[in-house]
Amino acid sequence: MQDGDLERQLATKEKEYKELQSLRTQQLEGALRDAQAQLSAERARFLQLREDFQFNLRVLEERDRELERYDAVAAHLQVAESAGQAEASELRIQIDKLRQALVAEAQRREELRREHKQRLAEHRLQLERVHSVKEREIEKHREEYEALKRELERRIQEVEGELALQKQELISEFDTELKRREHEFNLRRDEMSNTILSLELKVKLLNKELEVHSQVADTLQASEELYSEAQKEIKRREWEIKDISAVKDARIKELEDKLSLMEACHIKEEEIYNRKHEELDRRVRERESALEALREVHSQQLRQSEAQSRELQVQLDTLQSDKRRMELSHADSLRVKEEQLEKLRTELETTRTGWDTYIQQVSRETVSRDVELHSHSEREAKLRAELQRYREDIEREQLASAVKREQALEQARAQAELDWQRRCEDAQAAHFRRSEEIICSLTQARDQATAELREKERELGDMAALLRSVTMERDQALQKMITIVHLCSQGLGTASSFPSEEIERLQQQNSNLRSAIAVMRKDMESLSAQLSAGPTGFSIAEANTEYCHALEKEVRELKARSRHLEEQLEEALKAPSVLVAPGPVPSPTATLPVSADNAYLKNHICCLNETIGRLRAEKVSIAATLRKREVRVAHLESSLGQLIQQLHAKHVDSDELRFELANLRKRGAAEESGLRQRLSTVEMELEEVRREAEEYQKGSMLQNLEAVALSNQVSALKLDIASRREPIVIEEVLMLREENLHLRQQLVDQGSDGYSSKGHRSGDTLLHFKLRQAVRCISQLARDKQQLIEMGNRLRAQLAEAGMEGPENRPGLCRDTLTPEMQQSHLSMLEQLQYQLTTQQTRDEKENMLPELSQLGASVPLQPAACCSLDQSHPLMSSTGTDGSLQNIWQMLDKGSSPSVLVSSDRAKPHPRDLSPDKEVTIKGTKVPVQERKKSAKPAVKPILKAPSARKAVSVRNYNIKD
């Protein structure tokens, strides 16, 4: 049976372990799904940021158009000047209104004074009320503190008594348990010694007959095994005794700790109450000081109101002077507004540069986030492999520990079942004895209560007989009174048969009866209340002893009250006997005339009838409540037996759980130490992995940054092609203007001297030199552009392989209501246009550059030092739209015309008189937000007319830098 139970328990433990393992795997899979969802969300956010970036570029173009609109707003400011004059007239009207308001303010101030006086009186009354209320509250708090202190002292005494009782019970239980186990151990030891002696005798006999009986050796070996098992059992019992004694000491120590803790809590509560009392006193003093401060503030406010009235008069004078100053400052405000417009323009340019830096920062953050997600995924794969390995190790260890734990639990369970079985039998026997005693006491109390009820019924019968005798005496008295009245009417002067002393005695007896009936009523009410509230006031846990004591106490009280009521009834019965005996005939002067319809006697009789009916009803109700109490006592006895059985079962379960909990704690500590060692090794491996991931992350971040920059450039180029406008950069246009103006100034100076041949040759050589540099730069730009296109194609292919959409393939590029079919057709058109434009530009550039380079090579040799090579640190340039202007320059040089006609025009046209109507260099385009590797440090300002030295190399112009 034990092997089968052990196998079943092993199966259940294995099943529980597998369930825990499946739950853990589900949690890890959920965490993986959450990480993947977060990765997809971050990827969607990255794509959304790219869309927002392209949308913001279009917003910048719209802001350029809004700047032109601001120029129109400047024209409306002149209209605002006329509105300012209208405002001046309105200010005059407002001055008149302020004068009227000043008069109204004076009237309002007088009203405020009256209100302040009234409020001051109200505040004084309120202060007195608050003072009285707070005094009452303080007195109440003092009373509560005294009551709380008494209650705490009572509780401490109760707890001390309970602790002493529990301590004695525990000590007695442990002593009995130890004695019983010692007795059992002695008995078993005697039994074992007897068995050992008998086995030794058998061994001697079997040694003599060894040759004859060969099977005796097997029995001897079995007896030795039994002896070893008995010794093991003895040692185990000794260990159990030691464990029980240790548990007893721990329980005693725990109760002593609880007692000390409760004493400390009581001391803390007293300190808290003292602090609260001091806090209340301090608050009362603070409120008094606050009221004093309020009085001072009120007086100060009155002074301030008077000062404000004087200040208002001064302000009225200043307003008149301000009016004159406002008329003068209006003209100045117009000039300030113009200056503000200029500042707004400059701020717009700064916001554009700030937006570019923000976009760069966002792209860097997205790249770093992608790198982190990649490293997290790799780390997760490694951790999963380690987790699987650790699970297998833990599974093997837990199976081995489970087998050991099951064996120990089986032995402990058998011992605990024996111990608790004996305890349950003892407790049931004690409970049966107590229940029999309670039933006997309750039956005795019930018999006694029924006897008392019979006695009360007999007394009620006596009272009824007494009432009948009183009514007969009343009739006789009425007849005598009638005869006396008749004699008095005849003038005989006979005396009444009821003297004043008898009437006074009757009144005194009547009052005695009333007081006795009132006392009886009160006693019956208190008895019924005690009977109704008695059983509910006791707790079920201590129902055995307390309920018996309460019933005995109630029985004693009922006996005392019944004796008291019997004495009162005897006095009441003795007193009316005087009414039957005839009294002495008094003198005529002591008689009192009584009418036949005496209201006092009628009221007395009605009261007696009512009390008798009430007593009968109370008797019936008491009998009914007594039956209910009997039923309830039976129900409580049955419920008490059930609760005791449940309590024993809970004790058994609690002991089993404590034993298992101790074993689990030991096993958990061992497992925790092993897991900590493994965790330390895993952390060391993780640190090595992190270092490798950081090194890999640094390299991949640089590659991703370069890839993002190139993708942004490719998307910008595609936007330019889609808009079919050529790019323009204001800074480079300004540099061209500056150089053209410088050349024109030189030619004008040379023309004033008669165009000497030497100056003409120097100007031509300078122009040829610059044009050669321009040709080289343009050819270099064409090569770079071709490389960029190829790089963009490679990046797009890589993005397609990685499963990400490129900036040109993503839907929602334009913020309008386009269908997916229209967007797809638009994208395909953009790709075709890009391919056609790039092929045509490279073909045209090659065709235009070859004859020019041949001519320049024949006339002037190329200087390699003057060539402008584009390094990686230089920004990218665009040469779109410059072929026609270069051809015009070459034609003018061949004809020998003056280069003064080379004047570039911008959008504002600040110098219209220098433009040539037939030959004009026009540059058109849109702003392209290309990410720069190195920003130009030259600000967007007006061109400075300074002649650069001819020996310095001309810096390469960038046509993609935004102003």
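228 is the number that full-length UniProt numbering gives to position 228 of the sequence shown; each next residue is one higher, with no gaps. A virtual CB, placed ideally from N, CA and C, is assigned to each residue, including glycine.
Are the Cβ atoms of residue i and residue j separated by less than 8 Å?
i: Leu409; j: Glu660; result: yes
i: Ala427; j: His277; result: no
i: Leu91; j: Lys337; result: no
i: Leu152; j: Glu269; result: yes
i: Leu77; j: Leu334; result: yes
i: Arg405; j: Asn663; result: yes
i: Leu67; j: Arg352; result: no
i: Ala414; j: Leu626; result: no
i: residue 978; j: Ser305; result: Because the chain in this structure spans residues 1 to 963, residue 978 falls outside the shown range and cannot be described.
i: Lys619; j: Lys456; result: yes
i: His131; j: Leu280; result: no
i: Leu348; j: Arg63; result: yes
i: Ala74; j: Leu341; result: yes
i: Leu261; j: Lys167; result: no
i: Ala416; j: Asp243; result: no
i: residue 969; j: Arg181; result: Residue 969 falls outside the range modelled here, since the chain spans only 1 to 963, and no answer is possible.
Can you check which of these residues, the options, is closest to residue i by C-alpha distance?
i: Ala230; options: Ala623, Lys268, Arg119 and Asn186; result: Asn186
i: Gln713; options: Ser639, Ile789 and Ile778; result: Ile789
i: Ala147; options: Lys404, Ser22, Tyr273 and Arg794; result: Tyr273
i: Leu47; options: Phe769, Thr318, Ala797 and Val708; result: Val708
i: Glu397; options: Glu672, Ile438 and Asn512; result: Glu672
i: Gln38; options: His374, Val297, Glu694 and Ser621; result: His374
i: Arg796; options: Ser654, Ser715 and Ile252; result: Ser715
i: Asp52; options: Arg24, Val159, Cys777 and Tyr358; result: Tyr358
i: Gln645; options: Phe432, Tyr696 and Cys777; result: Phe432
i: His376; options: Asp34, Ile605, Asn512 and Gln340; result: Asp34
i: Ile196; options: Glu224, Glu209, Leu513 and Arg772; result: Glu224
i: Leu474; options: Val403, Ile605 and Leu178; result: In the sequence on display, residue 474 carries Arg and not Leu. Nearest of Val403, Ile605 and Leu178 to Arg474, Cα basis: Ile605.
i: Phe174; options: Glu160, Met791, Ala246 and Lys97; result: Ala246
i: Leu383; options: His742, Asn793 and Val689; result: Val689
i: Cys440; options: Ala634, Ala416 and Asn793; result: Ala634
i: Gln54; options: Glu567, Glu177 and Ser363; result: Ser363
i: Ala402; options: Leu460, Glu7 and Glu683; result: Glu7
i: Leu328; options: Gly84, Glu42 and Gly161; result: Gly84
i: Arg391; options: Glu263, Thr443, Ser193 and Gln21; result: Gln21
Give me the Cα-Cα distance between residue i and residue j, rounded to the nearest whole angstrom.
i: Ser82; j: Leu102; result: 31 Å
i: Val775; j: Gln787; result: 19 Å
i: Asp190; j: Glu16; result: 46 Å
i: Lys232; j: Trp420; result: 23 Å
i: Met472; j: Ile482; result: 16 Å
i: Val297; j: Met326; result: 38 Å
i: Ala31; j: Leu387; result: 14 Å
i: Lys10; j: Gln407; result: A quick correction: the sequence has Leu, not Lys, at residue 10. Their Cα atoms are separated by approximately 10 Å.
i: Ile670; j: Arg676; result: The amino acid at residue 670 is misidentified as Ile; the sequence shows Ala. Their Cα atoms are separated by approximately 10 Å.
i: Cys607; j: Glu122; result: 59 Å
i: Leu643; j: Ile252; result: 27 Å
i: Leu259; j: Arg678; result: 44 Å
i: Cys424; j: Leu657; result: 18 Å
i: Ala88; j: Arg69; result: 29 Å
i: Gly641; j: Lys18; result: 43 Å
i: Arg287; j: Glu139; result: 18 Å
Can you give me the Cβ contacts of residue i inside the same chain, cut-off strictly under 7 Å, excluding the 5 residues immediately before and after it?
i: Asn704; result: Val367, Asp370 and Val371
i: Asp3; result: none
Identify, in the order they occur along the chain, each residue of the same chain with its Cβ nearer than 8 Å to the Cβ of residue i, setting aside the five sequence neighbours on each side.
i: Ile95; result: Leu319, Gln320 and Lys323
i: residue 977; result: Past the edges of the chain, shown from 1 to 963, lies residue 977, and the structure says nothing about it.
i: Trp355; result: Asn56 and Leu60
Report all residues from its chain with a CB closer than 6 Å to the CB of residue i; omit the five preceding and five following residues, and keep chain order.
i: Ser134; result: Checking the displayed sequence, the identity of residue 134 turns out to be Lys instead of Ser. Excluding residues within five positions, the ones whose Cβ falls inside 6 Å are Val284.
i: Val578; result: No answer about Val578 holds up, because its pLDDT of 40 lies below 50 and its placement is not dependable.
i: Val652; result: Trp420
At least one CB of chain D closer than 8 Å to the CB of residue i: is that the case?
i: Glu146; result: Here there is only one protein chain, and chain D is not present.
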